[in-house]
Amino acid sequence: MDELWRAGRSAADLAAGHLAAVPAGPVWRPVPDADRSWLARQPLPETGRPLETLLDDVRERVLPYPMGNGHPRFFGWVNSPPSPAGVLVAPLAAALNPSCAGGEHAGVLLERTAVRWLAELVGFPHQPGAGLLTSGASLATVVAMATARQWAAGRDGCDVRETGLYTSRPLTIYVSGEGHSCLRKAAELLGLGSRHLRVVPVDDAFRMDTAALRRLITADIRAGLRPFFVAASAGTVNTGAVDPLDEIAEIAREHGLWFHVDGAYGALGVLAEQPDPGYAGLARADSLALDPHKWLGVPVDCGCVLFRDRSAPRGAFSLVPPYLRDDGADELGWFSEYGPEQTRPFRALRVWATIAHLGRAGVVRLVRRTTGLARTLAAMADAAGDFDLLAPPVTSVVAFRHRAPSPDRADVLNERIPSVVQRRGRAFLTGTRLSGRAALRACVLHPDTTEADLVILLDEIRAAAEEITG
Ligand SMILES: Cc1ncc(COP(=O)(O)O)c(C=O)c1O
124 MDELWRAGRS AADLAAGHLA AVPAGPVWRP VPDADRSWLA RQPLPETGRP
174 LETLLDDVRE RVLPYPMGNG HPRFFGWVNS PPSPAGVLVA PLAAALNPSC
224 AGGEHAGVLL ERTAVRWLAE LVGFPHQPGA GLLTSGASLA TVVAMATARQ
274 WAAGRDGCDV RETGLYTSRP LTIYVSGEGH SCLRKAAELL GLGSRHLRVV
324 PVDDAFRMDT AALRRLITAD IRAGLRPFFV AASAGTVNTG AVDPLDEIAE
374 IAREHGLWFH VDGAYGALGV LAEQPDPGYA GLARADSLAL DPHKWLGVPV
424 DCGCVLFRDR SAPRGAFSLV PPYLRDDGAD ELGWFSEYGP EQTRPFRALR
474 VWATIAHLGR AGVVRLVRRT TGLARTLAAM ADAAGDFDLL APPVTSVVAF
524 RHRAPSPDRA DVLNERIPSV VQRRGRAFLT GTRLSGRAAL RACVLHPDTT
574 EADLVILLDE IRAAAEEITG
């Protein structure tokens, strides 16, 4: 244990030193061949070695090559820097190393608080036990969709857990064209078939077109299918758009569909100074996916799925073999009865620490600051004359395009810009496609990003465009 005392102190210094040095370094840099080979192709060691020497390797070969998301000028995808409180407690969760499947211990009890805090933050009604932490929103979506599948087929007199989907009418799903790919993955994984997933068109602001949703549901009912699941977005990955949740909740209610909200990235946007009106109706969802490892900054991994009614996921997942029978469990049972994971990590400690450190006020400040910066970036791009804004900034994502010298080259140029910006190392952004055209998207999540960083981002895009066009 003396070895762990000593090396543990060094590891703490290394972590804090790394975080302090990040802003002065490149946002991202390619891994040179020698280190790439060391990282990816090490032979299995025959014998072990002292802990301190492991830290030497981490210092020399691991920490110099981050993904980039700790840097204030990282604007890619939806990846936040780690919250200091999360970094602080992560090794302590590892030191305890519980399985949060269930039982009477701190990990399980604290998850009850973490889940309730997340629900309270976004204004979702909380029933004790009606939610759990997951690896991310992809798994949260699988849990929600599997729950809805059991519920919907059950209403038709079919127990999918017993019969599979063989005896039910084809179940159809509704997702907007801007819905996240994890929805389709979940549908495929659960045997629902992507051919039964309807892609609902979006309006000019990339929100689900509710008239089209109604038409698609009606056509499927007429065709003898069973519409069962509509997934609305509270913050799409491309533009941060928020679907009109209240209207979609109403359509779901009228037609007996499960109403799911994907708030993986954007659920916290409800805390903005002037939240988008689309958020009204969030609290009507049957299930809500949200990712503490996104805007909130909880170190990866941590997703969450919240339910209106805890009996629904338990009905879809509970399976307690004799060796796991726990006569001392309370009426909520074990977390492993509410999802597919049996052994579950102590994610709650990182969520608890992050929220306890920030307080509700700190979370609100973070959301307001980052949404404010996104608005500033949008205004700067709009006023500059060499960019086109592609969507109004609703949360903290800005979607835009750099103007090419000739319009027919704009797609090629904007497709290539992100990788050149990334390689230059002063900022990091990623691209997407919007309405069939190449687009740039910058997502602001870092609490230390400043307006000066936004100026650098736009200049880096210009420099990359010049490099590309020669
Ligand atoms: C809107 C949205 N939904 C779902 C996901 C998937 O989340 P995860 O990567 O945590 O599985 C993402 C990830 O970026 C997202 O932005």
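Add 123 to the 1-based position in the sequence shown for my numbering, that's all there is to it.
Cβ atoms here follow ideal geometry from the backbone N, Cα and C, with glycine treated the same way.
Under the assumption that residue 321 contacts residue 296 (Cβ atoms under 8 Å), give the Cβ distance between them as a whole number of angstroms.
7 Å
What residue from 161, 257, 249 and 438 has the CA that sits closest to residue 275's CA?
438
Cβ-heavy atom distance between residue 418 and ligand 1 below 7 Å?
no
Specify, as a first and last residue, the run of the alpha helix (DSSP H) that residue 305 falls within.
304-312
Mapping DSSP to helix, strand and coil, what is residue 458?
helix
Among 546, 507, 430 and 424, which has the Cα closest to the Cα of residue 213?
424
Sorted by chain position, which residues of the same chain lie with C-beta nearer than 8 Å to residue 422's C-beta, five sequence neighbours on each side aside?
205, 206, 209, 210, 213, 416 and 473
When DSSP labels each residue in this structure, what does residue 203 get in the three-state scheme?
Three-state DSSP puts residue 203 in coil, outside helix and strand.
Considering only DSSP beta bridges, list what residue 331 is partnered with.
325
With H, G and I counted as helix, E and B as strand and the rest as coil, what does DSSP make of residue 480?
helix
Where does residue 251 sit, in a helix, a strand or coil, going by DSSP?
Correct three-state label for residue 251: coil.
Check whether the region 378-386 and the region 251-271 are in contact - that is, three or more C-beta pairs closer than 8 Å.
yes
Using the three-state DSSP reduction, which class does residue 585 fall into: helix, strand or coil?
helix
Mind pulling the beta strand (DSSP E) runs of 3 or more residues that sit fully within the region 341-373?
349-356
Three-state secondary structure (DSSP) at residue 291?
coil
Helix, strand or coil, according to DSSP, for residue 488 in the structure here?
helix
In chain order, what residues of the same chain have a beta carbon less than 7 Å from the beta carbon of residue 475, not counting five sequence neighbours either side?
233, 236 and 237
Relative to the C-alpha of residue 419, which candidate in 333, 451 and 568 has its C-alpha closest?
Taking the Cα of residue 419 as reference, the smallest distance to any Cα among 333, 451 and 568 is reached at 568.
Return the chain-ordered list of same chain residues with a C-beta closer than 7 Å to the C-beta of residue 262, the five sequence neighbours on each side being excluded.
426
Do you know offhand how far residue 241's Cα is from residue 481's?
13 Å
Please indicate yes or no: does the CB of residue 388 lie closer than 7 Å to some heavy atom of ligand 1?
yes
From the DSSP output, read off the bridge partner residues of residue 413.
427
Could you tell me the alpha carbon to alpha carbon distance between residue 130 and residue 175, rounded to whole angstroms?
When the Cα atoms are used, residue 130 and residue 175 turn out to be separated by approximately 5 Å.
Tell me whether residue 446 sits in a helix, a strand or coil according to DSSP, three-state version.
Reduced to three states, the DSSP call for residue 446 is helix.
What are the boundary residues of the beta strand (DSSP E) that residue 440 is part of?
Looking at the DSSP string, residue 440 is not in any beta strand (DSSP E); the run it does join, the alpha helix (DSSP H), is 434-440.
In the DSSP assignment, the alpha helix (DSSP H) including residue 224 goes from what residue to what residue?
Run containing residue 224: none; DSSP gives neither H nor E here.
Under 8 Å by Cβ, that's how I've got residue 223 and residue 469 pegged, so tell me the actual separation to the nearest angstrom.
6 Å
Here's a check: name, in chain order, each residue in its chain whose Cβ is nearer than 7 Å to the Cβ of residue 537, leaving out the five neighbours to either side.
524, 525, 554, 561, 562 and 563
In angstroms, rounded to a whole number, what distance separates the CA positions of residue 173 and residue 583?
44 Å
What's the gap between the Cα of residue 585 and the Cα of residue 182?
34 Å
I'd like to know whether the C-beta atoms of residue 145 and residue 551 end up nearer to each other than 8 Å.
Against a cut-off of 8 Å, the Cβ pair of residue 551 and residue 145 comes out as no contact.
Less than 8 Å separating the beta-carbons of residue 366 and residue 299?
The Cβ atoms of residue 366 and residue 299 lie closer than 8 Å to each other.
With distances taken Cα to Cα, identify the nearest neighbour of residue 633 among 519, 286, 347 and 282.
As displayed, the chain neither begins before 124 nor continues past 593, which places residue 633 out of reach and without an answer.
Is residue 569 a contact residue of ligand 1, with contact defined as CB to any heavy atom under 7 Å?
no
For a quick check, are the C-beta atoms of residue 258 and residue 302 less than 8 Å apart?
No, the pair does not count as a contact, with Cβ atoms beyond the cut-off.
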